[in-house]
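Numbering (the UniProt record's numbering), first residue to last: 1 to 78. Positions of the beta carbon are idealized from the N, C-alpha and C atoms, including for glycine. Structure first, commentary second.
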């Protein structure tokens, strides 16, 4: 899901949690995952594609989470 759509969902109160998690099958890479109020999960995708955005650094994921509106983020390590 694109950042602009996630931002809208956040401002509508439909996203309750953001987490930075290790990307599966990729060492030292990260995904930004959001939990909806209904328990479903959403991940950021690259612009105009369905490909998940994989971050090289945790900092990049934190910047995107802040841009969406989150003031706190959970970071999970392997």
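TODO: Could you tell me the distance, in whole angstroms, from the CA atom of residue 63 to the CA atom of residue 3?
DONE: Answer to the nearest angstrom: the Cα atoms are 11 Å apart.
Task: N- and C-terminal bounds of the beta strand (DSSP E) containing residue 35 - done: First-last of the beta strand (DSSP E) with residue 35: 30–36.
TODO: Taking all protein chains shown into account, decide if residue 75 is buried (16 or more other Cβ within 10 angstroms of its Cβ) or exposed.
DONE: Exposed is the call here.
Open item on the list: Please state the DSSP three-state secondary structure of residue 6.
Closed with: Residue 6 falls in the helix class under three-state DSSP.
Open item on the list: By DSSP's criteria, residue 63 is part of a beta bridge. Which residues make up the other side?
Closed with: In DSSP, residue 63 forms no bridge with anything.
Task: residue 19 versus residue 32: straight-line alpha-carbon distance, rounded - done: Rounded to whole angstroms, the separation of the alpha carbons of residue 32 and residue 19 is 6 Å.
Open item on the list: Less than 6 Å between C-beta atoms, sequence neighbours within five positions excluded: which residues of the same chain meet that for residue 34?
Closed with: Around residue 34: 15, 18, 42.
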